[in-house]
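S.K.: Protein chains in written order, with UniProt numbering: chain A, 1 to 214; chain B, 1 to 214.
Where is the CB? At the ideal position from N, CA and C, for every residue including glycine.
There are 2 protein chains.
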Amino acid sequence: MSLAESRPVRGGSAKGRPRSEAVERAIVEAVVKLLEEGVPLSELSIERIARTAGVGKATIYRRWRGKEELFVDVVRAAEPPDADLPGTSMRDDLVALMEQLRRRGLMTRSSVLLHDVYAQMKSSPKIWAAYHATVVEPRRRLQVEILRRGQRNGELRADVDVELMNDLLVGPMLLRTVMRPDADLPEGLSELLVDTVLDGLRPVSSPSVSSPSS
Amino acid sequence: MSLAESRPVRGGSAKGRPRSEAVERAIVEAVVKLLEEGVPLSELSIERIARTAGVGKATIYRRWRGKEELFVDVVRAAEPPDADLPGTSMRDDLVALMEQLRRRGLMTRSSVLLHDVYAQMKSSPKIWAAYHATVVEPRRRLQVEILRRGQRNGELRADVDVELMNDLLVGPMLLRTVMRPDADLPEGLSELLVDTVLDGLRPVSSPSVSSPSS
Numbered sequence: 001m002s003l004a005e006s007r008p009v010r011g012g013s014a015k016g017r018p019r020s021e022a023v024e025r026a027i028v029e030a031v032v033k034l035l036e037e038g039v040p041l042s043e044l045s046i047e048r049i050a051r052t053a054g055v056g057k058a059t060i061y062r063r064w065r066g067k068e069e070l071f072v073d074v075v076r077a078a079e080p081p082d083a084d085l086p087g088t089s090m091r092d093d094l095v096a097l098m099e100q101l102r103r104r105g106l107m108t109r110s111s112v113l114l115h116d117v118y119a120q121m122k123s124s125p126k127i128w129a130a131y132h133a134t135v136v137e138p139r140r141r142l143q144v145e146i147l148r149r150g151q152r153n154g155e156l157r158a159d160v161d162v163e164l165m166n167d168l169l170v171g172p173m174l175l176r177t178v179m180r181p182d183a184d185l186p187e188g189l190s191e192l193l194v195d196t197v198l199d200g201l202r203p204v205s206s207p208s209v210s211s212p213s214s
Numbered sequence: 001m002s003l004a005e006s007r008p009v010r011g012g013s014a015k016g017r018p019r020s021e022a023v024e025r026a027i028v029e030a031v032v033k034l035l036e037e038g039v040p041l042s043e044l045s046i047e048r049i050a051r052t053a054g055v056g057k058a059t060i061y062r063r064w065r066g067k068e069e070l071f072v073d074v075v076r077a078a079e080p081p082d083a084d085l086p087g088t089s090m091r092d093d094l095v096a097l098m099e100q101l102r103r104r105g106l107m108t109r110s111s112v113l114l115h116d117v118y119a120q121m122k123s124s125p126k127i128w129a130a131y132h133a134t135v136v137e138p139r140r141r142l143q144v145e146i147l148r149r150g151q152r153n154g155e156l157r158a159d160v161d162v163e164l165m166n167d168l169l170v171g172p173m174l175l176r177t178v179m180r181p182d183a184d185l186p187e188g189l190s191e192l193l194v195d196t197v198l199d200g201l202r203p204v205s206s207p208s209v210s211s212p213s214s
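Below, the structure written as structure tokens:
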């Protein structure tokens, strides 16, 4: 898979010195090769990965604590890189984060491997937990931090819980990318989504009309 | 399962006369019994269901075209009933629809059977397609119709696509109920979600500030 080859492995748990990067890449590529050959995740043993990569088992264990951590690094190498936050405004940072989710959605649709890997990962509680802890949770914390900054700067309402605000932004994008694999993911969707959630759905002519319940 | 017993089977594909309702109920309960015994969906044959219900196979085929349609009716009998739309305003109708999703989420968490059934259904493309056609798609059409009415009445902006608006409302609720099974689903969430999406996330003091891109 060219994706894994084109970028360095970003594994937080990898302890290798710079010159061992080639070894790490060979190991990640061995996992990708086995997955592409149709070997199910549950049958991917460290023995088999070591044999395919032409290294000893200890070489793998020196870099990753186990199959779960290694596998999460394989997924991260295949995913789009983390978003560069422009920092010009909360709105622009949110658009960049949504754009990362949109690009990951498009990539998952075009990559049979990535598609299968997500599906298998979700059916393996241990690997899903490792992916959640290293990828999902840090991203979520970053999003919430950006929203908190927006509240402090006056870009966001202060009377709404940031966790709910985060779900209002992320929910629609995940609905289209993860839950509804045939949904439209056009260019400009991230901007439109963020701006519409910020502006609200009420007609602009009566922006201060409060809802019946409030 | 008491849920299936407490309400009539709502199968659109069931052709029975009133007096055959008991037979339909016996068949639905036979499926529930087999599922509760741990029989996987893939092994639930019409033969086995007929034997468990004490009816002939023809009795089942007279009411349902196949396993998929029958199974969707089993799921619908276990789910919360369709929302009663108050019709007082678009906002109130949207709250009722969100509340139905929230209640279904809570029920799925407390019902091992319903939880398993959704998981198995999603891994069976034919049954998922039948559920989608009979449950998901009609609900989606109803939601979009309510939003279109809101646009005509001036309750909603006319410059945003109703499909996107629908995803802005449904996405956050599905994120919490389906994708994140440990998320908070408190009382009042449906009202808060609808009102926040309608009002937008910008501070109330500057409601007419437009976004940098618009």
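Please work out which residues of its chain come closer than 8 angstroms, Cβ to Cβ, to Val-95 (chain A), disregarding the five sequence neighbours upstream and downstream, and give them in chain order.
M.R.: Ser-190, Glu-191 and Val-194
S.K.: When burial is assigned at 16 or more other CB atoms within 10 Å of the CB, is Tyr-61 (chain A) buried or exposed?
M.R.: exposed
S.K.: Can you give the beta carbon distance from Val-135 (chain B) to Val-74 (chain B), rounded, assuming they're within the 8 angstroms contact cut?
M.R.: So it is not a contact: roughly 12 angstroms between Cβ atoms.
S.K.: Taking 8 angstroms as the threshold (C-beta atoms), are Met-173 (chain A) and Leu-147 (chain A) in contact?
M.R.: no
S.K.: Using beta carbons (cut-off 8 angstroms, strictly below), is Thr-196 (chain A) in contact with chain B?
M.R.: yes
S.K.: Could you spell out the range, first to last residue, of the alpha helix (DSSP H) harbouring His-115 (chain B)?
M.R.: 112 to 122
S.K.: So with CB distances below 7 angstroms, who are the chain E contacts of Leu-113 (chain B)?
M.R.: Included in the structure are the protein chains A and B, with no chain E among them.
S.K.: Cβ of Gly-200 (chain A) within 8 angstroms of Cβ of Gly-200 (chain B)?
M.R.: yes
S.K.: Is Ile-46 (chain B) closer than 8 angstroms to Asp-33 (chain B) when the C-beta atoms are compared?
M.R.: According to the sequence shown, residue 33 (chain B) is Lys rather than Asp. Cβ atoms of Lys-33 (chain B) and Ile-46 (chain B): not closer than 8 angstroms.
S.K.: For Asp-182 (chain B), return the contacting residues in chain A, with the cut-off set at a CB-CB distance below 7 angstroms.
M.R.: Per Cβ cutoff of 7 angstroms: no residues; Asp-182 (chain B) is ~11 angstroms from chain A at best.
S.K.: So Met-179 (chain A) contacts chain B; which residues on that side make the cut at Cβ distance below 8 angstroms?
M.R.: Neighbours of Met-179 (chain A) on chain B, chain order: Leu-174, Val-178 and Met-179.
S.K.: If you run the structure through DSSP and keep just helix, strand and coil, what is Glu-47 (chain A)?
M.R.: helix
S.K.: Please tell me whether Pro-138 (chain A) has its Cβ less than 8 angstroms away from any Cβ of chain B.
M.R.: no
S.K.: Is the shortest distance between the beta-carbon of Asp-199 (chain A) and the beta-carbons of chain B less than 8 angstroms?
M.R.: yes
S.K.: Considering Cα atoms alone, identify which of B:Asp-159, B:Pro-138, B:His-132 and B:Ser-124 is closest to Leu-97 (chain B).
M.R.: B:Pro-138
S.K.: Where does Glu-21 (chain A) land, buried or exposed, given buried means 16+ other C-beta within 10 angstroms?
M.R.: exposed
S.K.: At a Cβ cut of 9 angstroms, what residues of the region 75 to 88 of chain B count as close to chain A, listed as they run along the chain?
M.R.: The region 75 to 88 of chain B vs chain A, Cβ under 9 angstroms: Thr-88.
S.K.: Identify whether Arg-187 (chain A) lies in helix, strand or coil by the three-state DSSP scheme.
M.R.: According to the sequence displayed, residue 187 (chain A) carries Glu and not Arg. Looking at Glu-187 (chain A) - three-state DSSP - the assignment turns out to be coil, as it is neither helix nor strand.
S.K.: Using 8 angstroms as the limit for Cβ to Cβ distance, is Ser-213 (chain B) near chain A?
M.R.: With a pLDDT of only 47 at Ser-213 (chain B), under 50, the local geometry of the prediction cannot be trusted, and the value read off the model is given with reservation. Closer than 8 angstroms: yes.
S.K.: Quick check on DSSP: helix, strand or coil for Val-88 (chain B)?
M.R.: Sequence check: residue 88 (chain B) is Thr here, not Val. Of the three classes helix, strand and coil, the one that applies to Thr-88 (chain B) here is coil, per DSSP.
S.K.: Going by beta-carbon coordinates alone, are Thr-177 (chain A) and Leu-185 (chain A) separated by less than 8 angstroms?
M.R.: In contact: Thr-177 (chain A) and Leu-185 (chain A) (Cβ atoms closer than 8 angstroms).
S.K.: Determine whether the beta carbon atoms of Ala-26 (chain A) and Ala-53 (chain A) lie at a separation below 8 angstroms.
M.R.: yes
S.K.: Compare the C-beta of Met-165 (chain B) with all C-beta atoms of chain A and state if any pair is closer than 8 angstroms.
M.R.: yes
S.K.: Inspect the beta-carbon positions of Glu-163 (chain A) and Met-90 (chain A) and report whether they are closer than 8 angstroms.
M.R.: no
S.K.: Under 7 angstroms Cβ-Cβ, which residues of chain B neighbour Gly-154 (chain A)?
M.R.: Gly-154 (chain A) reaches chain B at Pro-203, counting residues in chain order whose Cβ is nearer than 7 angstroms.
S.K.: Counting only Cβ pairs nearer than 7 angstroms, list the residues of chain B close to Val-135 (chain A).
M.R.: In chain order: nothing, as chain B lies at least about 15 angstroms away.
S.K.: Please report how far the alpha carbon of Thr-108 (chain B) lies from the alpha carbon of Val-55 (chain A), in whole angstroms.
M.R.: 46 angstroms
S.K.: In the region 136 to 208 of chain A, which residue ranges form an unbroken alpha helix (DSSP H) of at least 4 residues, counting only runs that do not cross its ends?
M.R.: 137 to 153, 162 to 174 and 189 to 199
S.K.: Is Arg-109 (chain A) close to chain B? Criterion is C-beta to C-beta, closer than 8 angstroms.
M.R.: no
S.K.: With a threshold of 8 angstroms between beta carbons, is Leu-41 (chain A) in contact with chain B?
M.R.: Interface flag for Leu-41 (chain A) against chain B is unset, since no Cβ pair is found closer than 8 angstroms.
S.K.: For Val-72 (chain A), which residues in chain B fall below 8 angstroms Cβ to Cβ?
M.R.: Residues of chain B passing the Cβ test: none, with the nearest at roughly 19 angstroms.
S.K.: What's the call for residue 221 (chain B), buried or exposed, on a 16-neighbour Cβ count within 10 Å?
M.R.: Since the first residue of chain B shown is 1 and the last is 214, residue 221 (chain B) is not available in this structure.
S.K.: Once DSSP output is grouped into helix, strand and coil, what is the label at Arg-104 (chain A)?
M.R.: helix
S.K.: Between the Cα of Gly-38 (chain B) and the Cα atoms of B:Val-160, B:Asp-116 and B:Ser-123, which residue gives the shortest distance?
M.R.: When each option's Cα is compared against that of Gly-38 (chain B), the closest is B:Asp-116.
S.K.: Tell me the DSSP secondary structure of Glu-37 (chain B) in three-state form.
M.R.: coil
S.K.: Beta-carbon within less than 8 angstroms of Met-179 (chain B)'s beta-carbon, same chain only, minus the 5 sequence neighbours each way: which residues are those?
M.R.: none
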